[in-house]
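Numbering (numbering that gives the first Met the number 0), first residue to last: 0 to 762.
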Amino acid sequence: MNRRKFFIPAVLAALLLGSCAAPSAETLPTLIPQPQEVAWSRGTYRLPAQTRIGITDPLLAPQADYLTEALAPYTEAVRSETASGDIELGLDTAALADEAYRLAVTGSGVRITGGSPRGVVNAIATLRQLLPAGKGAEGVIPCAEVSDAPAFAWRGVMLDVSRHFFDKEEICSLLDQMARLKLNKFHWHLTDDQGWRIEIKAYPDLAGKGGWRHYNKHDTICMGRAAREKNADFLLPEKYLRVEGTDTLYGGYYTQEEIREVVDYAARRGIDVIPEIDMPGHFLQAIEHYPEMTCFEPETWSGEAFSSPLCLGKDEVLDFCEEIWREVFELFPYEYVHIGGDEVNMKNWNRCPRCQARMRREGLADGHALQAWFTHRMERFFEANGRRMIGWDELLQGEVKPSTTIMWWRPWVPESVDLATRQGCDLILCPQTWFYFSLEEDAGSLKRTCNYRLVPDSLPQEQKARILGVQGNVWAEKVPTLSRAEYLFYPRLLIVAEKGWRPEEQVREQELMPRLMRYCARLDAEGVNYRIPSLENFHEFCVFTDSIRSTVTCPLPGAILRYTLDGSVPTVSSPVYTGPITFRDNALLQVRAFHPDGRTGDWVKIRYEKCGFAAPTEVAETRPGLEAEWFFRRFPKCDAIGGAKADGGCVVDSVQFPKVAQGRRATGIVFRGYIRVPEDRIYTFALASNDGSLLRIDGRVVIDNDGEHTLIEKTGQAALSAGLHPLELRYFDYNGGRVTLALVDEQGRRQPLTGEWFCHEAE
Ligand code: ACM
Ligand code: ZN
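Here's what the structure looks like:
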């Protein structure tokens, strides 16, 4: 066959090939993650009606089965009697690393060679993306040679099935999606305060009773959102309701047989399943049904504080935990298991005579030392059973063994990265702000996750090597359906796939973002829900003196925008937004993006206000900077911040979380003073915070970024005459925060506001 090859990166190839006859840029498939090397050549291979799959090694039988399933929409695939076939799977363990592969598509067939069965799985993922997506699509594959290997060994996904349950079929659907993206670790958060989801035969009430509950606060929130936001993704699925007389219970659990099926399904797709049985905290469902395992009568989960942990003074608790793990080991054949260990409420341990006696006997100074003692004891048990332990980075508050792998989730404890790797621990990264996908998004979140630096430059080389990879997590408190989980996972999970697979310096926002938008067409074709990327080109609050035109746009081609002006939530029957609307009076424009089939999600509210320029204020004597005052408490809203006496205060030259106020889990800060503007103008401000913030100028709300949330930026305007204007900015934080205030110019660039912009009144 006369083939012309182009050994160039795929994107460049796409550009260059635009001028050649075939394949053209438009017809080249969109690949995520981008393989290391792709050499496109002319022509295509069409899968025959019956496709024979040949394997050169019996080890590859599960992968042949997986490929058969994956090709079902295109062809009836069958196993060939011999090693030859239309598609051939083979191994080259000498030349290729474990997960590496080569894939060759020629006019006469497909040849796949992996460094191991996992490498073959990765090649199948590429093959699936080379095929067109969608019902009725033809099995035509562009000819190409691909040579590829991952940058990171850990490319993970975590789903919490405790706060809401997802059945075996839903988990398998997520696993198949993971395999398409070469994501290879499924971290299954199986137990927590709100539900125990794994059958343990020695303790049947754990799942039998602990898998079911009466509606709790999370469920009510979901039901409320379903109604208010007209979004069926928040409805609790009827299949998870169990009616007993007048009682309705909600939940479910996996039988051991179902777990085996999931593990088997994952294994064919090259995915390790890592069970997390969170202990000694986050254990309430178990404790409610085995109350003898805690220090005192268990408190019911209030929805606020962390729950009562296991009593680590009782030997029977250790037996209980080991028995649970023994059954877990039987079900999960993999190297790693996850013990959790996060957010333990140690209050009980300090007053429990048994815990106190254990601490005295073992010479343990405090609760962290007691937890470390328990963790080490469990780790010895894990190791005796051939397993390696993973735990959340709270484990670093006590002594850790180098054998423990740490999962870093707390960005407000950045030192965890150095601390873990310096002590010889491997590290998996899922820092909350960037990789907790249950947190809702703003227009900057995709780019922020894309640009997040996984391996800090400052880390010594041998510590860098301890970073195993990256993971995207969905906690399910407000996620009752798979469709909602997909909405949160996608498209951010595409970024995890890309960052986990490619060397960091090759992942570039400018290149990845358009590819990610193109990949959304494949998600559509596969019936996977996803969040339409944020609407752009608007401010949440716009002011004008005469008239103003709306400017909002959507970055995703094909999405349908619908709007309202009467304060109601836009629905699938609201008018279509086709372009700018001119306003001459105050208005509230709400715009929401819809998929063509009516699926939707969050939406934007844009307030337009007609006003004059606010007059400046006379102040007799000023000093530079803003006054900041803080209170160490948890506040639900910005206007609740305050108290009889502040816990501290200082003058700052910009809006920021003062260093002296950091280090507490919950803080509220009020910044007060004046902003000095140089000319009469409409000024646009950008306020980014994690959690809530509220900006008032001249006593009027300019930006309302209130409520508990991750890093979200909002923008708003004020029409100000030259001079001083009173400014008040309220901000609260729970779990590590950040706040910044910037000026936005005509091009949308953010200029931090500092120094000469701010002053306060001299006493
Ligand atoms: C966690 O988010 N508590 C690990
Ligand atoms: Zn105790």
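Just so it is clear, CB atoms sit at the ideal spot from N, CA and C, and this is done for glycine as well.
Whole angstroms are fine: how far does the CA of residue j sit from the CA of residue i?
| i | j | result |
| --- | --- | --- |
| E508 | A442 | 14 Å |
| A21 | S40 | Per-residue confidence for A21 stands at a pLDDT of 48, beneath the threshold of 50, marking its modelled position as unreliable; the derived number appears in the next sentence. Near 8 Å, if we compare the C-alpha coordinates of S40 and A21. |
| P308 | C351 | 12 Å |
| V77 | G269 | 21 Å |
| V701 | T432 | 25 Å |
| S301 | Q193 | With a pLDDT of 49 at S301, under the threshold of 50, the modelled position of this residue cannot be trusted; read the value that follows with caution. If you take the alpha carbons of S301 and Q193, they lie about 11 Å apart. |
| Y682 | T581 | 20 Å |
| R51 | I86 | 6 Å |
| E322 | W187 | 19 Å |
| P595 | V316 | 54 Å |
| R695 | D456 | 39 Å |
| F434 | T621 | 43 Å |
| A832 | S533 | Lying outside 0 to 762, the shown extent of the chain, residue 832 is not represented and no answer is given. |
| T190 | T480 | 18 Å |
| A645 | E628 | 6 Å |
| G133 | V738 | 44 Å |
Using a threshold of 7 Å, is the CB atom of residue i nearer than that to any non-hydrogen atom of the ligand ZN?
| i | result |
| --- | --- |
| G366 | no |
Which same chain residues, not among the five before or five after residue i, have their C-beta less than 8 Å away from its C-beta?
| i | result |
| --- | --- |
| T29 | Q128, R514, R517, Y518, A520, R521 |
| D64 | R267 |
| L726 | L625, F670, R671, G672, Y673, I674, L694, R695, I696, F757 |
| L555 | M516, C519, I531, P532, A592 |
Is residue i near the ligand ACM - that is, is its Cβ less than 7 Å away from at least one heavy atom of it?
| i | result |
| --- | --- |
| W433 | no |
| E342 | yes |
| W391 | yes |
| W187 | no |
| W408 | yes |
Taking the alpha helix (DSSP H) that residue i falls in, what are its first and last residues?
| i | result |
| --- | --- |
| L522 | 508-525 |
| E260 | 255-267 |
| G223 | 216-227 |
| G207 | 204-207 |
| A665 | No alpha helix (DSSP H) contains A665, which is instead part of the beta strand (DSSP E) from 665-676. |
| Q460 | 460-463 |
| F488 | 481-488 |
| P623 | Segment 621-623 is the beta strand (DSSP E) holding P623; no alpha helix (DSSP H) there. |
| E322 | 314-330 |
| P725 | Careful: P725 lies outside any alpha helix (DSSP H), inside the beta strand (DSSP E) at 722-733. |
| M358 | 352-361 |
Excluding the 5 residues flanking residue i on each side, which residues of the same chain have their C-beta closer than 7 Å to its C-beta?
| i | result |
| --- | --- |
| R749 | A685, A741, V743 |
| H367 | Q396, G397 |
| A152 | L467, G468 |
| G118 | L95, D97, E98, A99, Y100 |
| P569 | R561, Y562, T563, Q589, V590, R591, W602 |
| I220 | K477 |
| A148 | Q35, A96, E98, A99 |
| Y239 | F164, Y249, G250, G251 |
| A586 | L564, Y607 |
| C320 | M278, M377 |
| D584 | K609 |
From which residue to which residue does the beta strand (DSSP E) around residue i run?
| i | result |
| --- | --- |
| Q750 | 749-751 |
| F373 | Where F373 is concerned, there is no enclosing beta strand (DSSP E), although the alpha helix (DSSP H) it sits in stretches over 366-383. |
| I197 | Run containing I197: none; DSSP gives neither H nor E here. |
| D147 | 139-147 |
| K713 | 711-719 |
| S688 | 680-689 |
| F543 | 540-543 |
| Y100 | 100-105 |
| K759 | It should be pointed out that residue 759 corresponds to His in this sequence rather than to Lys. Start and end: 757-760. |
Please confirm if residue i has its CB atom under 8 Å from at least one CB of chain C.
| i | result |
| --- | --- |
| K644 | Absence of chain C from the displayed structure is noted, only one protein chain being present. |
Can you name, in chain order, every residue of its own chain whose Cβ lies under 6 Å from the Cβ of residue i, other than the five neighbours on each side?
| i | result |
| --- | --- |
| D56 | L90 |
| C610 | V542, A718 |
| E329 | none |
* To do: Please list, in chain order, all residues with a C-beta atom less than 5 Å from at least one heavy atom of the ligand ZN.
  => Proximity annotation: the ligand ZN has residues C294, C310, G312, C351, R353, C354 in chain order, each selected because its CB is closer than 5 Å to a heavy atom of the ligand.
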